Structure formats: structure tokens, C-alpha cells
Amino acid sequence: MTSLRAARPRLLLAALATGTLLLTSACNDGPAPAQDKAAGTTPATAAPSATPTATLTPTPKPTGADDPALKPFYGQQISWAACPEDPRAAKAKIDMSAMLCGKLHVPLDYAHPAADALDIALIKLPAAKPDQKLGSLMVNPGGPGGSGIEMVKYGAKEYDGVLHNRFDVIGFDPRGTGESSPVVCYDDKQHEESNQRDTPMEPAARKAQHVKGATEHAAACQAKAGKLLPFVGTRNTARDLDVLRAAAGDKKLNYLGISYGTYLGALYAEEFPKNTGRLILDGAVDPAQDRLDHGIDQQVAFEKAFRRFAADCVENHPEDCPLGKDPDAAAKKAADFLDGLYEHPMTAKDGRKLNRDLGWTGTVSMLYGDEKTYWKALRIALGWAMKGDKPDYLLAFADEYNGRDEDGHYSPMEEANGAISCADTSRPAPTPERARQAVARLQSEAPLLSKGVTVEDYDEPSCAYWPFKTTEKPHAVRAEGAAPILVVGTTGDPATPYASAEALAKGFADATLLTRVGEGHGAFGKGNSCIDAALESYLVEGTMPTAGTRCS
């Protein structure tokens with residue numbers, strides 16, 4: 000598999016919003032100069048005639064399988080069948096012959112389960128040795144908005160060996176994403192127009208564009224997916240996950256969650272502690288951290304990773320490094336080139352422009368990966384653009400990150416990401432002093448990625464224009480009574496900084512932190528034999544790694 004970096008997880012750069020690069024997202028905490036674009040059967044996606052009056056997320060805590068109203072859902076049997084043909088998978092030479100697909104029926108609103116319902120799309124890679132099967136392993140790649148179906152379909156080789164032998168690996172598209180009643184607010188043309196439009200550098204123009212775009216985005220999502228929006232939060236997805244556990248025939252949940260998937264796993268442990276089996280939370284999100292603080296920490300981490308990449312380029316790969324000979328000046332040279340795309344965008348073979356926003360998106364997206372593959376690809380892409388006037392590789396990286404395929408079709412991940420983020424948390428506007436402190440830290444610790452940022456970029460609440468207000472708030476997850484949880488953190492992770500893994504593990508009543516020393520986002524699928532052995536031992540034998548284990 001080419002990537003398991005949280006399935007194109009959204010960067011939180013200068014926008015400091017929980018997981019979105021969409022320029023017009025109403026969930027943005029604020030715009031930035033360039034890096035911002037980093038039981039019933041009634042269909043749940045029908046547009047409402049008026050603002051819904053349904054209970055907002057979170058709904059009253061359900062009693063799970065013991066609730067008589069939920070028994071039809073918990074008692075359902077999944078009809079597994081051969082997966083439909085997928086031309087994109089066939090083109091990528093993905094062997095799907097052993098995979099099975101199905102649907103899971105869940106309530107739209109767990110407080111009123113007899114009303115509307117929706118179907119969750121599933122895929123299963125059956126255990127290679129069914130006589131030795133331990134049960135199912137549910138997986139989530141992150142996002143929010145990432146496709147668990149794609150995680151299994153395109154990443155099947157990551158489970159080769161013990162995991163595939165002993166588990167049915169099951170991926171699912173969470174509600175509001177992928178093939179599970181996706182939140183779709185725009186067509187491909189609108190996405191393309193948005194991505195080809197750079198964020199203004201001038202603060203007043205930037206603010207005006209943000210307000211206009213966020214307002215229009217909220218209205219478009221309300222018109223096209225309004226009935227679904229109050230119910231796409233992660234807590235409801237955790238409830239879906241418990242229904243899936245039961246329908247798959249598992250008494251306990253075995254789970255691998257990456258990036259945002261760690262937040263889903265944490266909320267599952269909070270909601271259903273007695274149903275937890277072996278949970279791996281890799282590339283951890285700290286559920287207690289304020290959104291603004293999280294965004295600042297993440298942007299600082301990306302700046303550090305960017306500088307490490309640039310220095311490595313000059314010092315260790317002079318033969319194909321376009322950033323000069325001075326490792327201390329290399330990052331600035333790359334940043335100047337990317338910023339220069341604002342006034343001088345480059346034209347790709349297909350006629351599209353590589354502007355400043357797309358250039359930064361393509362560059363920073365590659366910092367999710369490791370030094371051997373992703374950093375090498377970024378060196379080559381920057382070399383082509385800076386020395387050969389060929390922006391196609393860098394634009395392709397931005398396309399992949401933004402969910403655009405080679406035919407110009409966009410996945411619904413952008414819209415889902417914003418909708419889920421706004422259903423999960425909303426912060427009030429920071430005080431003027433706090434906004435000044437935030438900007439001062441960015442200017443000091445992330446000056447390249449935060450060029451031009453001002454206090455006015457952060458002077459309003461998150462999700463200010465969104466049609467629904469959540470009552471969810473950041474909080475530490477204790478999960479008393481849950482089985483021991485394995486949290487995995489990577490020291491050089493820019494998307495979910497290592498401190499978040501430390502905080503998540505510390506917050507649980509019973510958890511162990513496993514550390515990967517290295518670059519990139521997440522540890523699973525990175526080819527680290529020490530990590531792989533520890534994960535397999537925990538999932539198969541239930542053996543936790545020794546506290547303090549560090550894998551280089």
C-alpha cells in the first residue's frame with residue numbers, strides 16, 4: 000500500500016480548524032494566506048424543507064444492545080457478497096477476489112431509532128486461516144471522512160501474515176462519508192474552481208473571502224444534506240461501531256484506528272467500556288485539547304518537519320536536491336518558491352494552475368510520509384517544479400490529498416471532514432489576548448507556514464456559520480472499565496504530534512504508550528519490524544509491550 004497516513008487526513012495549517020483544507024469550509028477557525036486550502040428506511044440525505052428539529056449530537060446515551068428499541072439493529076445479520084466491480088481498483092491491479100462487501104443498517108438518530116435509518120457500507124477481508132480465527136478487526140484510517148473501505152481494499156497487503164490469518168479485517172465508511180450517505184455539498188466543477196482560486200494575501204480581502212465562502216458553504220450543505228448534518232458526529236459513529244461489532248458476531252471489539260480514528264476509538268471506549276477487546280490507537284488525537292491549541296501545535300510540528308526535510312535534502316541528497324547547499328537556508332528557499340506561486344502560478348500539462356495554496360498542499364501532504372519514500376518523492380517534485388518548470392508532480396500530490404482523481408472527480412471527503420468536525424466540537428471566539436498569543440507563537444515557531452497570518456484570522460468562533468451547534472466539548476477520556484488500550488505515537492509525527500499520544504495514554508484508566516522513533520504520521524504500515532511485532536503480539540496474544548518501549 001502506498002500510504003496509510005490517515006487516508007488523506009486534512010491538514011490543520013494556518014486555518015487551525017479541526018481537519019480541513021477546504022477554502023470555503025464553514026468549520027474553519029479562520030482563513031490563512033496560503034496553507035488554508037490545505038429501523039425506518041427513509042433516506043437520510045434528503046434535503047429538509049426547514050431546519051430539522053431532531054436532537055443534535057450528542058444524543059442521550061443509549062443502552063446499546065440492552066435497549067429494546069435497538070435490538071433489531073443489534074440482531075441483524077450482514078449479507079456478505081462479492082464486492083461490485085471497481086474500475087479504479089482494477090486499474091491499480093488490486094486483487095479483490097477474496098473480499099466481501101455488505102451493508103449495516105443503523106438508526107439516523109439513536110435517541111429515536113424507530114424513525115429514519117441509514118446504511119453503513121462495509122468491506123471484509125476474511126481470515127486466511129478460518130480455523131484459527133480470533134474474530135474481527137475493525138479498522139478506521141482517519142480523516143475525519145476517510146474511507147475504511149479504501150483502507151482495506153487498497154491496503155490489504157498491510158495485513159498479510161498473522162493479522163490476515165487470524166482476523167476478518169473489516170473496513171467501513173463512517174456515516175456521512177464515502178459510500179455511507181455521504182455529505183456532498185458541491186459538484187466537481189465547484190471543487191475545481193475553489194482549488195484553482197488562491198487565498199488572498201491581503202488580510203481584509205482574505206477575511207471577506209472567508210466569510211462569503213463559509214456562509215455559502217454552510218448554505219450548500221444545509222440544502223443538500225441538512226437532514227444528516229446533526230447526526231454525523233463521532234459519538235454516533237462509535238454507536239454504529241458497536242452495532243457492527245454485534246452484527247459481525249464479536250463479543251468484544253478489536254480495533255485499529257489511525258489519526259482521527261484514535262478519537263473514534265477513544266469515544267467508543269468511553270461509550271462502551273465493557274465491550275472493548277484489543278484497541279490500537281495509532282497517531283493519537285488528544286480529545287481533551289482545545290481546537291485552537293491543537294491547530295497551533297500541529298502547525299508548529301509541520302514547520303519542524305518541513306525544516307527537517309529541507310535540511311535532509313541538502314545534507315544527504317545533493318544529487319537531486321533543488322534547495323541549494325546551505326541546510327539552514329534550504330527551508331526558506333523552498334518556502335519562497337511556494338509563496339512565489341501566488342504571483343506566478345505554474346501551468347501543468349492539463350492546463351490547470353499550480354498556485355500557492357496547491358503548492359503548499361502538495362508539499363506539506365508529503366510530510367505525512369517517511370524519509371525513504373515520501374521525502375524522496377517530494378525532492379523530485381520540487382526539483383521538477385523549481386528547475387524544470389514542470390509542476391505536474393507537485394500538483395498530483397495536492398490532487399491526491401484533496402481527493403481528486405485523474406478524471407477530475409472529487410471524493411466527498413472534504414465536505415464530510417467539515418461536517419464531522421463541526422458535529423464533534425465547537426469553540427468560542429478566543430479573547431483578543433489569546434488570539435495575539437496564538438499568532439505570536441506561530442510567527443515565532445512556524446514563520447514559513449504562517450506567513451502573513453494576523454490576529455483577525457482567528458477572531459471568530461469555530462463553525463461560526465454552520466447551521467447546527469454541537470454540545471460536544473473537548474474532554475479527557477478515562478474509559479473506566481475498558482480493557483487495556485495500546486496507544487502508539489511517532490516522535491516526528493507532524494499531523495498528530497507525539498505529545499498528543501502521551502496525553503491520550505495518560506488520560507485512559509488503563510493504557511500503554513508504544514513509541515516509534517521516526518518521521519511521518521502514524522506507525523502502522525511503516526515497515527518498522529519492532530512496531531509490527533508489538534502490534535501483532537497485542538492483537539493476537541493480548542500481550543502489551545513493556546512500558547516505555549521505543550522502536551527506532
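Just so we're aligned: 190 in numbering that gives the first Met the number 0 is position 191 of the sequence shown, and the numbers increase by one with no gaps anywhere. Where a beta carbon is used, it is the ideal one built from N, C-alpha and C, also for glycine. This structure is a prediction, so every number in the text was calculated from the model and none was measured.
Expected contact under 8 Å - CB spacing of residue i and residue j to nearest Å
i: I484; j: L278; result: 5 Å
i: W79; j: G101; result: 5 Å
i: F166; j: L243; result: Going by Cβ atoms, the distance from F166 to L243 rounds to 14 Å, so no, they are not a contact pair.
i: G491; j: G524; result: 16 Å between Cβ atoms; not a contact.
i: G521; j: S258; result: 6 Å
i: A88; j: K152; result: 6 Å
i: D423; j: E370; result: That pair is no contact at about 32 Å.
i: L513; j: P544; result: 5 Å
i: A110; j: I148; result: In fact, because the Cβ distance is near 28 Å, the residues do not count as touching under 8 Å.
i: C421; j: T469; result: 7 Å
i: L255; j: L136; result: 6 Å
i: C320; j: R378; result: 6 Å
The alpha helix (DSSP H) enclosing residue i, as first and last residue numbers
i: Y392; result: 391-401
i: K132; result: No alpha helix (DSSP H) contains K132, which DSSP labels as neither H nor E.
i: D555; result: Within the shown structure, residues of the chain are numbered from 0 to 551, placing residue 555 beyond reach of any answer.
i: D118; result: Per DSSP, D118 belongs to no alpha helix (DSSP H); it is in the beta strand (DSSP E), 116-124.
i: I419; result: 412-423
i: E192; result: 187-194
i: T236; result: 233-246
i: D281; result: Where D281 is concerned, there is no enclosing alpha helix (DSSP H), although the beta strand (DSSP E) it sits in stretches over 275-281.
i: A569; result: This structure leaves residue 569 out entirely; the chain is present only between 0 and 551.
Assigned exposure category for residue i - 16 Cβ within 10 Å defines buried
i: T360; result: buried
i: T176; result: buried
i: H190; result: buried
i: G565; result: With the chain represented from 0 up to 551, any question about residue 565 goes unanswered, as that position is not in the structure.
i: Q297; result: buried
i: G154; result: buried
i: T362; result: buried
i: T41; result: With a pLDDT of only 32 at T41, under 50, the local geometry of the prediction cannot be trusted, and no value is derived from it.
i: H163; result: buried
i: A31; result: Confidence at A31 is low in this model, with a pLDDT of 37, below 50, so the placement of that residue is unreliable and no value is reported for it.
i: R306; result: buried
i: R234; result: buried
i: D249; result: buried
i: P57; result: Low confidence applies to P57: its pLDDT is 44, below 50, so where it sits in the model is not reliable, and the reading given next is rough at best. Classification for P57: buried.
N- and C-terminal bounds of the beta strand (DSSP E) containing residue i
i: G256; result: 252-257
i: F171; result: 166-171
i: C100; result: 99-106
i: V486; result: 484-491
Among the options, the one whose alpha carbon lies nearest that of residue i
i: G144; options: D249, G232, F507; result: G232
i: L538; options: S193, D349, G134; result: G134
i: D197; options: T470, K352, A434; result: K352
i: T275; options: T469, F308, R306, R238; result: R238
i: F301; options: G147, I77, P493; result: P493
i: L407; options: V161, N194, L121; result: At residue 407 the sequence reads Gly, which differs from the Leu that was named. G407 has its Cα closest to that of N194, out of V161, N194, L121.
i: A340; options: A328, A329, R355, D327; result: Position check: residue 340 holds Leu in this sequence, whereas Ala was assumed. Cα-wise, what sits closest to L340 is R355.
i: K375; options: D108, G387, A310; result: A310
i: M150; options: L124, W465, L266; result: L124
i: A304; options: A247, K251, M365, L280; result: M365
i: A584; options: A500, D159, S443; result: There is no way to answer for residue 584, as the model of the chain reaches only from 0 to 551.
Using 8 Å as the threshold, is the region 343-360 in touch with the region 377-396, meaning 3 or more CB pairs across them?
Result yes; three or more Cβ-Cβ pairs closer than 8 Å.
Under 8 Å: do the region 250-270 and the region 293-305 share three or more Cβ pairs, one atom per stretch?
When C-beta atoms of the region 250-270 are compared with those of the region 293-305, fewer than three pairs fall below 8 Å, so the two segments do not count as touching.
Do the region 453-466 and the region 429-440 meet, that is, are 3 or more Cβ pairs less than 8 Å apart?
Segments in contact, yes.
Say whether the region 464-480 touches the region 504-519, bearing in mind that this needs 3 or more beta-carbon pairs closer than 8 Å, one atom from each stretch.
Put simply, the region 464-480 touches the region 504-519. At least three CB pairs are less than 8 Å apart.
Report yes or no: do three or more beta-carbon pairs, one from the region 65-73 and one from the region 89-99, lie closer than 8 Å?
Contact between the region 65-73 and the region 89-99 is not established, with fewer than three Cβ pairs separated by less than 8 Å.
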